[in-house]
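The sequence shown begins at 0 in numbering that gives the first Met the number 0 and counts up by one.
The beta carbon of each residue, even a glycine, is placed where N, CA and C say it ideally should be.
For reference, the structure discussed in these notes is given below.
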Amino acid sequence: MTRIALISATPAAIAPAVAGLADAFPEAEPWNLLDDKLLADARAGGPSARMSALIGYAVDAGAHGVLLTCSLYGEAARSADRGIPVLAPDDAAFTKVAESGYRRVLTVASLEEALADSVARLTGAAPGVAVDGVVSPAAFQVTDGRALARALHDTCAPYTAGVEAVVLAQYSLAPAAAELAGSLGLPVVSGPHTAAAALRRAVLEGERP
0 MTRIALISAT
10 PAAIAPAVAG
20 LADAFPEAEP
30 WNLLDDKLLA
40 DARAGGPSAR
50 MSALIGYAVD
60 AGAHGVLLTC
70 SLYGEAARSA
80 DRGIPVLAPD
90 DAAFTKVAES
100 GYRRVLTVAS
110 LEEALADSVA
120 RLTGAAPGVA
130 VDGVVSPAAF
140 QVTDGRALAR
150 ALHDTCAPYT
160 AGVEAVVLAQ
170 YSLAPAAAEL
180 AGSLGLPVVS
190 GPHTAAAALR
200 RAVLEGERP
């Protein structure tokens, strides 16, 4: 098996990341590293030294690839130079949006910080796409997939006129993707599956992430 370290800032991101690997990178053996203070650090604008230390630990312990599941630490992945693929959680999803021909997308998050970060990075990654954003505070408290989809639907529905796809800004929202797509009648792009597929290509096929 190919050991893939998943570094998470919240337990809610773990299951979607593992499911993404199972679907798009079945050769991977998930190895979960959880630090529940990373989110507080990121929200406070603190340094990412502990994230860098966690990446180093994963590499030193034999990981073949690393996936960060917290959108607020995407830059830590892009600046890592560890000799193995280290992927940001949603760069592959942003590439998919850029290559899909969408003219306008709606990005949804459960936290203001996550929304601002994702909208800024998606705008940079897909300069030809108009990126709207909305926060669903209720989604922060929900873990059940169907309830999460309902909360996101209630938030997104008033903002979907002229929108061609919805982008989920956090891994913790990914369990709602399929049901949300059905209820809104729009494609829903989430990070776990696209990241897992990109990581497989990088680890097994040597493709530059």
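A straight-line Cα-Cα distance of about 8 Å links S182 and A148. Approximately 15 Å separates the beta-carbon atoms of P29 and L53; this is outside 8 Å, ruling out the contact.
For G64, DSSP records a beta bridge to I3. The C-beta distance from V202 to V187 rounds to 26 Å, too long to fall under 8 Å, and the pair is not in contact. Counting the other CB atoms within 10 Å of its CB gives D89 a total of 16 or more, which places it among the buried residues. Residue range 103-108 is occupied by the beta strand (DSSP E) that includes L105, with no alpha helix (DSSP H) assigned at that position. Within the stretch 117-177, complete alpha helix (DSSP H) segments of at least 4 residues are found at 144-155, given in chain order.
Within a 10 Å sphere around the beta-carbon of S189 sit 16 or more other beta-carbons, which makes this residue buried. Contact check for E26 and L71: beta-carbon distance about 29 Å, past the 8 Å limit, so the pair fails to qualify.
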